[in-house]
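Worksheet for the structure shown next.
Numbering (this note's numbering), first residue to last: -13 to 255.
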């Protein structure tokens, strides 16, 4: 799969209505072959994550953004589930609280960026401060609009300090979201996932789409690219994200550490 087909070119206008939310016509695979590929990708990520943890060769930040029900939680489980919890950390960011709004907006994410050898997954992220903050008018426009440049600079600094940054927008259709929300209402095992606020956000679908389109255009860079991932079909979503993550990890120059001095070839009694 050519993962570059999903990458947002820096400064390119984004029309989400023109981008498919399902497997594109050019993809020649099917669900069963993709599921097998996803298993291999998950295992490969686990292998590379172990090597990353051992070598400390880089830091990796994965950003998952998307509307409610787009699959941020399940992407984390299915793509990274084979990895070791010793070297993978997930941070969840929701609508900023009153305390968080009172601070400089990057305050809540800065301390959770990954150290050497770790993969950090942001389930939602600093981008909430140009999304929900914009749509719900939690800050004046002149303030949140300046944040696009701040965020690009913030991610540039992370990359300069050795962080590999990959960002994924999980792209679902209006009808698919309706079906998934209905499942949460109807299925007793999914009731815990449903919140009345989900319906309030759904009513603002068009405003969120505009906010996401501008965000993708203004903050996809060569050093921290966005990928728009068709997410109506979970198996295809996982295939795209898994392929991109493996490509990023394989691009890190990693060499297994040498044995401690004087221990090579010793025999343990």
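Here a beta-carbon is modelled for each residue, glycine too, at the ideal position from N, C-alpha and C.
Suppose the cutoff is 7 Å on Cβ atoms and the five residues either side in sequence are ignored; what does the same chain contact list for residue i look like?
i: residue 69; result: 31, 32, 35
i: residue 40; result: 242, 243
What does a CB cutoff of less than 6 Å around residue i pick up in its chain, not counting 5 residues either side in sequence?
i: residue 64; result: 224
Let me know if residue i comes out buried or exposed under the rule of 16 or more other beta-carbons within 10 Å of its beta-carbon.
i: residue 197; result: buried
i: residue 237; result: exposed
i: residue 162; result: buried
i: residue 244; result: exposed
i: residue -12; result: exposed
i: residue 100; result: buried
i: residue 114; result: buried
i: residue 123; result: exposed
i: residue 119; result: buried
i: residue 72; result: exposed
Using CA atoms only, rank isn't needed, just tell me which of the options is closest to residue i.
i: residue 49; options: 101, 102, 153; result: 153
i: residue 11; options: 151, 113, -9; result: -9
i: residue 93; options: 193, 137, 122; result: 137
i: residue 44; options: 133, 58, 144; result: 144
Does the Cβ-Cβ distance between residue i and residue j come in under 7 Å?
i: residue 215; j: residue 232; result: no
i: residue 107; j: residue 76; result: yes
i: residue 219; j: residue 26; result: no
i: residue -4; j: residue 149; result: no
Give me the Cα-Cα distance between residue i and residue j, rounded to the nearest whole angstrom.
i: residue 179; j: residue 157; result: 19 Å
i: residue 135; j: residue 191; result: 25 Å
i: residue 246; j: residue 255; result: 18 Å
i: residue 96; j: residue 195; result: 26 Å
i: residue 0; j: residue 250; result: 55 Å
i: residue 28; j: residue 229; result: 9 Å
i: residue 147; j: residue 16; result: 40 Å
i: residue 173; j: residue 165; result: 12 Å
i: residue 79; j: residue 210; result: 19 Å
Tell me which same chain residues have a C-beta within less than 8 Å of the C-beta of residue i, skipping the five on either side of it?
i: residue 54; result: 163, 167, 184, 187, 188
i: residue 221; result: 17, 20, 21, 24
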